[in-house]
Each structure stands twice: as C-alpha cells, then as structure tokens.
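Beneath this line is the structure, given in structure tokens, with notes to follow.
Residue numbers (my numbering), protein chains in the order written: chain A, 19 to 145; chain B, 183 to 753.
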C-alpha cells in the first residue's frame with residue numbers, strides 16, 4: 019500500500035462527496051445549501067489540485083485539468099455568493115442560489131470525471 | 183520548458199498545501215468564534231470578511247479589526263493564526279527562492295535557453311563536441327569563415343573561456359555531457375540546418391558515442407571524429423563515420439610530407455592552412471644524414487615510424503627507457519634539454535632534430551641547447567599551446583607544427599570545402615615537380631596574398647545563368663568562367679584545381695573543358711575573383727556578354743527595336 023496513493027485518492031473522492039453534499043437539495047432554496055459546506059468543498063478541491071501538481075504522465079495532466087476546472091467553477095460560485103451578500107446586498111434570492119448551486123454542480127461534474135479517471139487508472143494498473 | 187514547470191510544481195507542492203490548509207483553518211476559525219457588532223449584539227463573521235481578514239493579516243499586520251472591533255476570543259484566535267500564517271508564508275517564499283538558486287533548476291534553465299537559441303538558428307551550422315585546444319582552433323577558423331557553430335563541453339571553465347574569445351560569430355555553448363543524446367538534440371542534432379557533427383573530446387568512448395548517436399538520429403549529416411587508437415578508428419568506420427582523424431597519425435603524415443615533398447607541403451599549407459600565416463618560400467629539409475627525435479610518446483612514435491619509412495634511421499631521446507613498443511634503433515635516456523644527452527645522441531654530426539615532447543618549454547630548451555652545440559641544424563618544433571606562438575617564432579625553428587591547429591584545419595577543410603580535401607589527397611600521388619609548378623603558378627596569380635579556395639556547383643542554386651544556358655544547349659567552357667565579366671578580354675586571377683563529374687575527378691582541368699550541369703568545380707585564386715565569377719554564374723546578361731562579347735538589350739522595347747533593325751538589314 020502506498021501512503022501517497024491513499025492521501026491522493028482520499029482527497030479526490032472527498033472533493034466529490036463534499037461537492038455532492040453541497041449540491042443536493044432544492045436548487046433555489048438557500049436553506050438546503052450551507053455556506054460551510056461550500057467552504058469545505060473549495061478547500062478540499064484546492065488541496066486536491068495541489069496534490070496533482072508535478073505528475074508528468076498524460077493521466078496526471080488530465081487529472082490536473084479536471085481539478086482546475088472544478089476550482090474555477092467553485093471560485094465563481096463563491097464570488098457570486100460574496101457579491102450577492104456584501105456588494106449588491108440582495109441576499110440569497112432563489113435566482114442567486116440557483117446560479118451558485120448550478121455552478122457547484124458543474125464543479126461536481128469535473129470531480130466525477132476526476133474520480134472516474136482515478137478508477138480507470140487503478141483498474142488498468144491492477145497491482 | 184516541461185522540465186522547469188515540472189520541477190517548480192514538484193518542489194512547491196508541499197509549501198502550497200500547507201499554505202492552503204493554514205488559510206482554511208484560520209478562515210474557518212474566524213467564522214466560528216462569536217463576536218460583537220457595534221451595538222453589542224452577538225455577531226458571527228461571515229466567510230467573505232473572514233477570508234478578507236486572513237488574506238491581509240499575514241502580510242500587513244495591524245491593518246485594523248473589521249468590520250467591528252474584535253472580542254478577546256477572536257483576538258486570541260487571530261494571534262495564533264497570525265504566527266502560523268506568517269511562518270507558512272516565509273516557508274513558501276523561502277522554498278521558491280531556494281528553488282531558483284538550486285543547481286539543477288539553473289542547469290535546466292540554461293539548457294532550455296541554449297536549446298531555444300539553437301532552434302532559432304536560421305543558417306546552416308555545425309556541432310562541435312569538445313572545446314579543447316583543437317576544438318577552439320576549429321571553431322575559430324570556422325567562425326572566421328562566417329560559419330555558424332554550436333559547441334558542447336563538459337568543463338564549465340572552457341565554456342566560460344569561450345565567452346572571452348573574440349570570435350566573429352556568436353557561438354551558443356552548453357556545459358553538458360555530449361554522451362547523452364538529449365544534449366546533442368538540444369544542440370540541434372535533429373535541426374534541418376545541421377550540417378555536421380565533429381567529436382573532438384579527448385575521450386575515445388565519448389567520441390564513439392557521439393558518432394553513433396549522430397548517425398542514428400540524423401543519418402544524412404557529416405560526422406567527423408577524433409580517435410586516438412586504431413581500434414576505435416575501426417569501430418567508428420564500421421557504422422559509417424564520414425571522417426576519422428587520428429591526431430598522432432595526422433601529425434606524422436604532415437611531418438613526413440614536409441620532409442619528403444616540400445613543394446607539396448607548401449601547396450597544402452597555402453590552400454588549407456591558417457589564414458593568418460604569411461606565404462613562405464618552400465623549405466628543403468635534409469633527406470639524408472643523422473636525425474634526432476626527442477620525445478617518444480604517441481607523437482614521437484608516429485614520427486619515428488614515418489622517418490623510418492622515409493629511409494632515415496633516427497636516434498630517439500626520451501626521459502624513460504621503458505617506453506611502449508621501443509624503437510629498433512638507438513634509444514637514449516634523458517630529457518634532451520641538457521647538452522650531455524644531445525651529445526650522446528650525436529648532435530655533432532646531426533643534420534635534423536625533431537623537438538617533439540608534449541611540453542613547450544622543454545621543446546624550446548631542446549632547440550636552444552642544440553643550436554648552441556651545432557650550427558646548420560634543421561629543426562622541427564612541436565608546439566602544444568597556442569599561447570606560445572611568439573616564443574616559437576623567436577626560437578627560429580625551420581618548421582613549427584602545432585598539432586591542434588593542423589587537425590582543426592584539416593577538419594575545417596573537410597567540412598567547408600570537401601573538394602579541397604579530395605584534391606589534397608590526390609595531390610599526394612603527384613610528384614614534387616608538379617607541386618612546385620603549381621605553387622609557382624598560384625604565387626604568380628595572387629602576388630603574395632593568401633589564395634582563397636572555393637567550390638562551385640553547376641546547378642540552378644549557385645549558378646542559375648550557367649545551368650540555364652547549359653539546359654538550352656549552349657556550350658560554356660571553363661575558360662568562360664575565368665573571364666572578367668566587366669571586360670571579357672581580361673582573365674580573372676584564378677585557377678580551376680579540379681572538376682568532379684559523376685564521381686570522376688579531373689585534376690587541373692584544361693580551360694577548354696565543356697561544363698555540364700551537376701559538375702562540381704574547385705577554384706583557387708584571389709578573393710575578388712570569386713565575387714566577379716558570381717556575376718557570370720548568376721546573371722544572364724553578364725554570362726551572355728562573357729560568352730559572346732555583346733551586350734544584349736534588356737527591355738522589350740530595345741529588343742524589338744533591335745530585332746526590327748536586323749530584319750530590315752537582312753531585307
């Protein structure tokens with residue numbers, strides 16, 4: 019067992035599960051989407067991205083790309099939230115909530131791809 | 183490029199991870215700790231403000247507590263996270279700085295810059311592996327002739343010394359091991375403009391490796407190698423190395439030519455020698471009599487063998503009696519710098535002396551001692567270091583041989599004017615009178631300037647007009663090329679040395695030879711003649727004038743006018 023692989027897999031899967039946790043619920047209901055959950059998703063995704071740095075293989079490159087996509091989507095979601103709360107002070111209206119959640123949904127898709135790639139690599143190596 | 187980004191990412195992974203985690207914990211903590219707003223109500227900081235605060239906290243301490251003054255609980259947490267984040271930032275920045283200064287990273291940067299510079303080459307170039315005595319002489323003589331060169335050496339000091347040399351052309355240089363194929367590729371081995379690879383390191387194995395790599399990765403280019411032993415030479419030849427230069431054999435052959443055929447030697451020196459040497463009268467060494475060879479290393483052995491073949495039985499002087507493959511004749515132990523040894527070797531009756539040790543000071547000392555003991559001695563001096571040129575000139579040896587520049591010149595001729603290399607090879611079979619005659623002709627032609635040698639391909643690239651005329655069935659003689667395109671009665675100061683036609687070589691072709699397309703011609707003469715000849719070769723009107731003696735009208739108007747006039751004259 020390779021401890022590096024454990025940590026690597028842990029963070030990639032955790033990024034997906036947390037993302038899913040934030041995503042589920044009614045799309046435009048702010049009650050169903052907690053800010054701490056989004057925070058955790060962002061942090062874990064950032065960690066997962068940094069963990070993917072420096073892998074020279076093709077698989078490593080694609081994994082890094084998916085993570086970058088996820089981080090990008092999540093940061094935009096966070097930005098939308100911050101702007102709605104503090105800059106325009108409209109608060110979490112259903113429309114704003116919907117766009118935040120759907121952005122995180124996109125990030126989740128990227129995370130799903132990431133996990134699928136991880137699984138494929140593991141299956142192909144088979145050792 | 184890949185290498186550098188990869189290295190940076192890998193080194194920065196841990197600092198970045200720690201940075202992310204520290205900031206996340208600090209931000210999270212701030213949102214969890216209860217605070218008070220300005221009215222004294224319970225208030226929790228939101229993520230937006232927490233992230234903002236943490237971001238400036240570690241960089242600008244004392245910016246203020248926003249949006250409301252902190253409670254003591256918040257201050258406690260901020261104190262902790264402040265120290266943590268400052269330390270983490272220092273760690274990350276320190277890592278980054280260390281990475282920039284690290285040897286491997288810098289080497290990667292240097293290699294990348296070198297490779298990029300080579301990729302941007304726009305002119306044909308050669309790769310020279312090994313920037314030693316021979317390599318630097320070769321690079322100097324190539325750059326003097328406006329050839330581009332790229333060099334690799336595994337000694338940083340030598341690469342640094344290259345920057346101090348005042349070369350005409352910029353020479354990209356890399357301190358790297360030429361045995362690794364990647365370095366050769368960086369140096370442009372696969373570049374379409376790469377013309378050849380020259381391996382001149384003093385390690386046989388390295389030269390062999392360079393030759394194999396070059397032949398495998400770019401089979402069409404010329405590969406020239408230095409080999410110190412016949413064993414390695416055979417190995418290199420087996421996979422098609424184009425030329426192999428053995429410094430010891432080359433030197434001995436050079437010496438033998440000088441002794442046996444002074445005219446030929448002079449011819450060779452004139453045509454292929456260093457440009458800065460002045461033209462000299464031929465020197466005639468004594469062919470019979472008592473010769474002394476000082477120094478019996480690899481050079482001395484080769485020289486001894488050559489002299490034996492010339493029918494001279496020289497006495498050998500060497501510091502040690504236990505030498506490899508000792509000579510058949512007399513071997514005297516001693517350095518040769520002291521009078522006793524030289525007298526023992528019979529300096530009194532000697533006619534010739536070869537000072538051939540590998541130490542310049544010793545060679546000079548040998549010559550000076552010998553000159554004191556006997557007058558009228560023919561002296562051949564071996565010079566190892568180019569810096570000592572002045573003192574070697576002062577000692578007044580009859581022939582000074584600098585092995586590195588001999589080899590460098592030879593390689594330069596192979597690379598730049600391969601026809602000249604063939605010509606000199608064939609000239610070896612001619613007799614002395616032939617060579618002396620040619621030397622006299624050339625001397626008359628160039629009046630004490632150094633003769634220039636150039637090659638000519640009769641094709642549409644370098645001789646557009648001539649090849650066009652030949653394709654239209656017109657006859658162009660060799661003598662037409664040597665006419666001055668400004669006044670066809672005058673003859674350019676040049677001699678055609680050789681024509682190669684379908685692989686057949688013709689030495690000193692007669693001037694009424696008919697030219698054919700794909701001929702390759704070797705000329706020697708004044709430099710100005712080469713420029714003038716260029717007009718005849720490339721310009722239709724100049725060629726027409728040279729062939730017929732009349733200036734054809736160039737524009738449609740004058741042409742039709744002239745046509746009308748000839749028509750009316752006929753009718």
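Idealized CB from N, CA, C, for every residue including glycine.
Asked, Found
"Under 8 Å Cβ-Cβ, which residues of chain A neighbour residue 195(B)?", "68, 69, 71, 72"
"Determine whether the Cβ of residue 183(B) lies closer than 8 Å to any Cβ atom of chain A.", "For residue 183(B), the predicted structure reports a pLDDT of 48, less than 50, and the residue's modelled location is therefore unreliable. The matter cannot be settled from this model."
"Once you ignore the five residues that flank residue 183(B) on each side, which residues in its own chain have a CB closer than 7 Å to its CB?", "Only weak support exists for where residue 183(B) lies, its pLDDT of 48 falling under 50; the coordinates are left without a value."
"Taking residue 22(A) as the query, report the chain B residues whose CB atoms sit under 7 Å from its CB, ordered along the chain.", "Under the 7 Å cutoff, chain B gives no residues; its nearest Cβ is about 11 Å from residue 22(A)."
"Count the other CB atoms, across all protein chains shown, that sit within 10 Å of the CB of residue 436(B); report buried if there are 16 or more and exposed otherwise.", "buried"
"Compare the C-beta of residue 103(A) against all C-beta atoms of chain C and say whether one is closer than 8 Å.", "No chain C appears in this structure, whose protein chains are A and B."
"Does DSSP classify residue 111(A) as helix, strand or coil?", "coil"
"CB-CB under 6 Å to residue 317(B), same chain, minus the five flanking residues each way: which ones, in chain order?", "310, 382"
"Buried or exposed: where does residue 25(A) fall if 16 or more other Cβ atoms within 10 Å of its Cβ makes it buried?", "exposed"
"Look at the alpha carbon of residue 22(A) and the alpha carbon of residue 69(A), and state the distance between them as a whole number of angstroms.", "10 Å"
"Excluding sequence positions up to five away, which residues of its chain have a Cβ less than 8 Å from the Cβ of residue 647(B)?", "718, 719, 720, 721, 722, 724, 725"
"Could you work out which residue in 44(A), 48(A), 63(A) is closest to residue 126(A) when comparing CA atoms only?", "63(A)"
"Who are the Cβ neighbours of residue 747(B) in its own chain at under 7 Å, not counting the five residues just before and after it?", "none"
"Which class does residue 492(B) belong to by DSSP, given the choice of helix, strand or coil?", "coil"
"Taking C-beta pairs closer than 9 Å, name the residues in chain B that residue 40(A) reaches, listed in chain order.", "Neighbours of residue 40(A) on chain B: none; closest Cβ ~13 Å, over 9 Å."
"Identify each residue in the region 24 to 54 of chain A for which the Cβ-Cβ distance to at least one residue of chain B is less than 7 Å, and report them in chain order.", "53"
"Just the chain B side, please: which residues come within less than 8 Å of residue 65(A) by C-beta, in chain order?", "199, 202, 203"
"Below 8 Å on the Cβ atoms is my guess for residue 660(B) versus residue 678(B); work out the distance and round it to an integer in Å.", "6 Å"
"Comparing alpha-carbon positions, which option in 699(B), 373(B), 412(B) lies nearest residue 403(B)?", "373(B)"
"With DSSP as the reference, label residue 183(B) as helix, strand or coil.", "Note on residue 183(B): pLDDT 48, under 50, position unreliable in the model; the coordinate value appears next. Note: residue 183(B) maps to coil in three-state DSSP."
"So is residue 89(A) in contact with chain B if we call contact Cβ pairs under 8 Å?", "no"
"Can you give me the start and stop residues for the alpha helix (DSSP H) that residue 592(B) sits inside?", "585 to 598"
"Taking the DSSP output, what are the residues bridged to residue 335(B)?", "357(B)"
"By DSSP's criteria, residue 225(B) is part of a beta bridge. Which residues make up the other side?", "217(B)"
"Got a sec: is the Cβ-Cβ distance from residue 540(B) to anything in chain A below 8 Å?", "no"
"By a C-beta neighbour count over all protein chains shown, 10 Å radius and 16 as the cutoff for buried, is residue 1(A) buried or exposed?", "Absent from the structure is residue 1(A), since the part of chain A shown begins at 19 and ends at 145."
"Counting only C-beta atoms, is residue 100(A) closer than 8 Å to chain B at any point?", "yes"
"Restricting to runs no shorter than 4 residues, where is the alpha helix (DSSP H) found entirely within the region 643 to 705 of chain B?", "646 to 653, 660 to 663"
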